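Residues 1 to 316, numbered by the working numbering, are exactly what the sequence shown covers, in order. No residue lacks a Cβ here, since even glycine has one placed at the ideal position from N, Cα and C. Computed from a predicted model, the values in this text were never measured in an experiment. Notes for the one structure printed next.
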Amino acid sequence: VEYQELEAIDNISTVMQFVLIGFSDLPNLQGSLFTVFSVVYLIILMGNFLIIVIISMEQALQKPMYFFLANFSSLEICYVSVTVPRILFNIETQDRHISLMSCATQMCFFLIFGTTESLLLAVMSYDRYIAICHPLLYPMVMNPSKCTQLAAGSWLGGIPIQVGQTCQIFSMKFCNSYKINHFFCDIPPILKLACGDTTMHELSVYVVVMVVAAFPFILVLTSYSKIIATILRLPTAKGRAKAFSTCSSHLLVVVLFYGSATVTYLRPKSMHSPGTDKLLSLFYTIVTPMFNPLIYSLRNKEVISALRKLFFKAYY
Numbered sequence: 001v002e003y004q005e006l007e008a009i010d011n012i013s014t015v016m017q018f019v020l021i022g023f024s025d026l027p028n029l030q031g032s033l034f035t036v037f038s039v040v041y042l043i044i045l046m047g048n049f050l051i052i053v054i055i056s057m058e059q060a061l062q063k064p065m066y067f068f069l070a071n072f073s074s075l076e077i078c079y080v081s082v083t084v085p086r087i088l089f090n091i092e093t094q095d096r097h098i099s100l101m102s103c104a105t106q107m108c109f110f111l112i113f114g115t116t117e118s119l120l121l122a123v124m125s126y127d128r129y130i131a132i133c134h135p136l137l138y139p140m141v142m143n144p145s146k147c148t149q150l151a152a153g154s155w156l157g158g159i160p161i162q163v164g165q166t167c168q169i170f171s172m173k174f175c176n177s178y179k180i181n182h183f184f185c186d187i188p189p190i191l192k193l194a195c196g197d198t199t200m201h202e203l204s205v206y207v208v209v210m211v212v213a214a215f216p217f218i219l220v221l222t223s224y225s226k227i228i229a230t231i232l233r234l235p236t237a238k239g240r241a242k243a244f245s246t247c248s249s250h251l252l253v254v255v256l257f258y259g260s261a262t263v264t265y266l267r268p269k270s271m272h273s274p275g276t277d278k279l280l281s282l283f284y285t286i287v288t289p290m291f292n293p294l295i296y297s298l299r300n301k302e303v304i305s306a307l308r309k310l311f312f313k314a315y316y
């Protein structure tokens, strides 16, 4: 396979163009994979877009919880659009080349949206904590201004950190290979291609993951430990069931996202294998965003009721 290279001063050949191996090791399944990824992408786009439309049109859903859910659905659309169109392009054209700049851009946006998801999940758990543990204070604490600030902080908070991390990673020289054994430009497979010792870069990745993922995850766990303790003290079984149903969907999304992402980024480089990395990445890049609309809508009576009203208006 042809690729461009630039001779560095120290005579080390530095890769200027990569090849995304992706799923090319499954030549007989290319057509099936294209169909599956296309269908999944459409499901993600339509499911999340439908949630945004329902929340914006239904007066009963004009609450902080659904404001954050609409933000979350918007994020999921952005998040999958960083990776899936590229996967589809590579499978359709069988041209797997990606320039250094395109690779860095894809990684940067993927990390920014990943950080936004982590922060937004923490904000949503805080919203549920105030609603269940301090219901009388809820209207005052989660006022529209506060909600907007929390959402904006989630969207913008990861930009400086992840732009810095992307610049740091792509300031390295890549000479071990030009082949990325992955379906998008993620940190672990890129670090494998770097020349020399990458210990400091790996350490910086751990530090960033602790800040943008582990810390929010601790906040989520803290919120839910207090939520569960409060729910268990509710006098009626019906009240406990309602409170649990409100929180369980969010908790399920949290476990799916943080579980797969943490295992991917906090393992030492020596423990990474292409097959495992691809499988874990599929979970937090595609599978979780696909199930999120189903998890949030099918387990939420208010959303189902609003969906029925929307279809009723459309048909009658």
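Residue i - containing beta strand (DSSP E), residue span
| i | result |
| --- | --- |
| Ser99 | 97 to 99 |
| Gln17 | 17 to 20 |
Sequence-distant residues of the same chain with beta carbon closer than 6 Å to residue i, five excluded per side
| i | result |
| --- | --- |
| Cys185 | Cys103, Gln106, Met107 |
| Tyr3 | Because Tyr3 sits at a pLDDT of 38, beneath the cut-off of 50, its placement in the model cannot be relied upon, and the following sentence gives the value as read from the coordinates. Correct list, in chain order: Gln17, Tyr178. |
| Thr288 | Leu256, Phe257 |
| Gln165 | Val208 |
| Tyr284 | Phe257, Ser260, Ala261 |
| Ile112 | Gly158, Ile159, Gln162 |
| Phe312 | none |
| Tyr138 | Ile130, Ala131 |
| Met290 | Val40, Ile43, Ile44 |
| Ser73 | Asn48, Ile51, Ile52 |
Identity of the residue in the options nearest residue i by Cα
| i | options | result |
| --- | --- | --- |
| Pro85 | Ile286, Val303, Phe257 | Ile286 |
| Ser248 | Pro188, Pro289, Ile227 | Ile227 |
| Asp25 | Gly158, Thr236, Asn181, Asp127 | Asn181 |
| Leu20 | Phe67, Gln94, Tyr41, Ile43 | Gln94 |
| Phe110 | Thr83, Thr35, Ala131, Ile130 | Thr83 |
| Leu156 | Leu75, Asn90, Ser81, Leu310 | Leu75 |
| Val254 | Ser145, Ser32, Gly114 | Gly114 |
| Glu92 | Gln62, Val303, Ile295, Val36 | Val36 |
| Ile348 | Met140, His250, Ser281 | Past the boundaries of the shown model lies residue 348; the chain is included only from 1 to 316, so the question cannot be answered. |
| Leu282 | Ser145, Ile304, Val303, Gly259 | Gly259 |
| Glu302 | Met290, Leu33, Leu42, Tyr66 | Tyr66 |
| Ser38 | Lys192, Val80, Leu191, Ser99 | Val80 |
| Cys133 | Gln30, Ser32, Ser225, Leu280 | Ser225 |
| Gly196 | Phe174, Lys146, Thr230 | Phe174 |
| Tyr223 | Ala70, Ile98, Ile130 | Tyr is not the amino acid found at residue 223; the sequence shown has Ser there. Among Ala70, Ile98, Ile130, the Cα nearest to that of Ser223 is on Ile130. |
| Leu193 | Thr230, Leu136, Thr236, Leu100 | Leu100 |
| Thr116 | Cys147, Asn71, Leu191, Met140 | Asn71 |
Segment limits, alpha helix (DSSP H) that includes residue i
| i | result |
| --- | --- |
| Arg86 | 64 to 93 |
| Val359 | Because the chain is modelled from 1 through 316, residue 359 falls outside the range shown and cannot be assessed. |
| Gly158 | Element bounds for Gly158: n/a, residue is neither H nor E. |
| Asn143 | From DSSP, Asn143 is part of no alpha helix (DSSP H); its letter is neither H nor E. |
| Gln30 | 30 to 57 |
DSSP beta-bridge partners of residue i
| i | result |
| --- | --- |
| Phe174 | Ala194 |
| Lys179 | Val19 |
Spatial neighbours of residue i in its chain, beta-carbon cut-off 8 Å, leaving aside the 5 residues before and after
| i | result |
| --- | --- |
| Ile77 | Ile44, Leu45, Asn48, Phe49 |
| Leu232 | Arg240 |
| Thr262 | Val209, Ala213, Ala214, Phe217 |
| Leu252 | Ile295 |
| Leu88 | Phe34, Phe37, Ser38, Tyr41 |
| Leu61 | Ile54, Ile55, Glu302, Val303, Ala306 |
| Asn292 | Gly47, Asn48, Phe72, Ser73, Glu76, Val253 |
| Leu29 | Phe23 |
Spatial neighbours of residue i in its chain, beta-carbon cut-off 7 Å, leaving aside the 5 residues before and after
| i | result |
| --- | --- |
| Asn90 | Leu20, Gly22, Arg96 |
| Leu310 | Ile54, Met57 |
| Asp277 | His182, Pro188, Pro189, Thr264 |
| Ser118 | Val212, Ala213, Pro216 |
| Asp127 | Pro64, Met65, Phe68, Met142 |
| Val220 | Leu121, Ala122, Ser125, Val254 |
| Tyr206 | Leu266 |
| Thr230 | Ile132, Cys133 |
Residue i Cβ short of 7 Å to the ligand GTP heavy atom set
| i | result |
| --- | --- |
| Pro293 | Although the ligand GTP was asked about, the structure shown includes no ligands whatsoever. |
Short CB-CB distance (under 8 Å) between residue i and chain D
| i | result |
| --- | --- |
| Lys313 | Absence of chain D from the displayed structure is noted, only one protein chain being present. |
Any 3 or more C-beta pairs closer than 8 Å across the segment 187 to 205 and the segment 160 to 171: Cβ pair count under 8 Å is three or more, so yes.
Touching by the beta-carbon criterion (3+ pairs, under 8 Å), the segment 149 to 164 and the segment 116 to 131: The segment 149 to 164 makes contact with the segment 116 to 131; the number of CB pairs closer than 8 Å reaches 3 or more.
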